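Undergrad: One structure, pasted below without further comment.
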Amino acid sequence: MDTKTVETVFIESARLIERCGAQYAEDLLAAGRDTIGCFERGGKVLICGNGGSAAEAQHFAAELVNKLCVYRRALPALSLATDTATLTSIGNDIDFDHVFARQVEALGRAGDMLWALSTSGRSPNIIKACETAKTLGMTILCFTGMPGSPLEALADRTLAVPHADTARVQEVHLCYGHQLCLHIERHYLEQANAR
Numbered sequence: 014m015d016t017k018t019v020e021t022v023f024i025e026s027a028r029l030i031e032r033c034g035a036q037y038a039e040d041l042l043a044a045g046r047d048t049i050g051c052f053e054r055g056g057k058v059l060i061c062g063n064g065g066s067a068a069e070a071q072h073f074a075a076e077l078v079n080k081l082c083v084y085r086r087a088l089p090a091l092s093l094a095t096d097t098a099t100l101t102s103i104g105n106d107i108d109f110d111h112v113f114a115r116q117v118e119a120l121g122r123a124g125d126m127l128w129a130l131s132t133s134g135r136s137p138n139i140i141k142a143c144e145t146a147k148t149l150g151m152t153i154l155c156f157t158g159m160p161g162s163p164l165e166a167l168a169d170r171t172l173a174v175p176h177a178d179t180a181r182v183q184e185v186h187l188c189y190g191h192q193l194c195l196h197i198e199r200h201y202l203e204q205a206n207a208r
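The working numbering applies: residue 14 is where the sequence shown begins, and numbers increase by one.
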């Protein structure tokens, strides 16, 4: 690897982020409104993903509960990828395909929201989580890679990334999550300032 290769990766990532920002800006704002509506109705956001997407699920939950930039009211959000005992219990006693669906069944309610992250849009455990969320009457926001995935068919709203490389997709997902959290945070700051 040389400096030119490093520069090329950064340029490719920046161009993809810019393209997705333009292509999905309206969907992102709508997803923010969906999430704010969930919170306003007393609901919560459950977030799931595998591997790097699990790390992003935990990251986004932390920013909703605590803050992205400025302190405001805490918002009810939970990553389903962090409880080792629960994950291994379900994985061992049932199977790994149900590690998130079982938690959605236990914790989700009508009016809640599921943010489901899968770079392939084909992860069986994410698909099962979405199927369970749908039966409960939850709103489903999917973060995926290439458009047209099986996961997208289950979503109320999808933020896709038209790229085949997992790392590039995760980089854009991080931008999507940050923009959602920023949109939500600004709403609650404006609400607090209006009082």
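Glycine included, every Cβ here is placed at the ideal spot set by N, Cα and C. In this text, all values refer to a predicted model and were calculated from it rather than measured experimentally.
When DSSP labels each residue in this structure, what does S136 get in the three-state scheme?
TA: S136 falls in the coil class under three-state DSSP.
Undergrad: Can the beta-carbon of L130 be found less than 8 Å from the beta-carbon of A70?
TA: It is a contact, given that the beta carbons lie within the stated cut-off.
Undergrad: Please state if the CB of G158 and the CB of V174 are separated by a distance shorter than 8 Å.
TA: Going by C-beta atoms, V174 is nearer than 8 Å to G158.
Undergrad: Find the nearest neighbour of G64 within the set L167, S136, A43, H200, judged by alpha-carbon distance.
TA: It is S136 whose Cα lies nearest to the Cα of G64.
Undergrad: I'd like to know whether the C-beta atoms of G121 and E165 end up nearer to each other than 8 Å.
TA: No, they are not a contact pair.
Undergrad: Report the rounded CA-to-CA distance for E25 versus R208, giving the unit in angstroms.
TA: Cα to Cα, the separation comes out at about 44 Å.
Undergrad: Per DSSP, what are the beta-bridge partners of A90 in this structure?
TA: Its beta-bridge partners are V58.
Undergrad: Residues in its own chain within less than 8 Å of L100 by CB, not counting five upstream and five downstream?
TA: Excluding positions up to five away in sequence, the list reads A94, V112.
Undergrad: Would you call the segment 66-81 in contact with the segment 102-112, where contact means no fewer than 3 C-beta pairs closer than 8 Å?
TA: No, they do not touch.
Undergrad: On the three-state DSSP scale, how would you describe I107?
TA: Correct three-state label for I107: coil.
Undergrad: Just to confirm the assignment, what range does the beta strand (DSSP E) spanning C155 have?
TA: Start and end: 152-157.
Undergrad: So if DSSP puts R199 in a beta bridge, which residue, or which two residues, is it bridged to?
TA: Answer by DSSP bridge pairing: none, since R199 is not bridged.
Undergrad: Counting only the same chain and skipping the five closest in sequence on each side, list residues whose C-beta sits under 6 Å from that of T145.
TA: Hits under 6 Å: A114, V117, E118.
Undergrad: Nearest to T97 by alpha carbon, out of A87, A67, Y84, L88?
TA: Per the Cα distances, A67.
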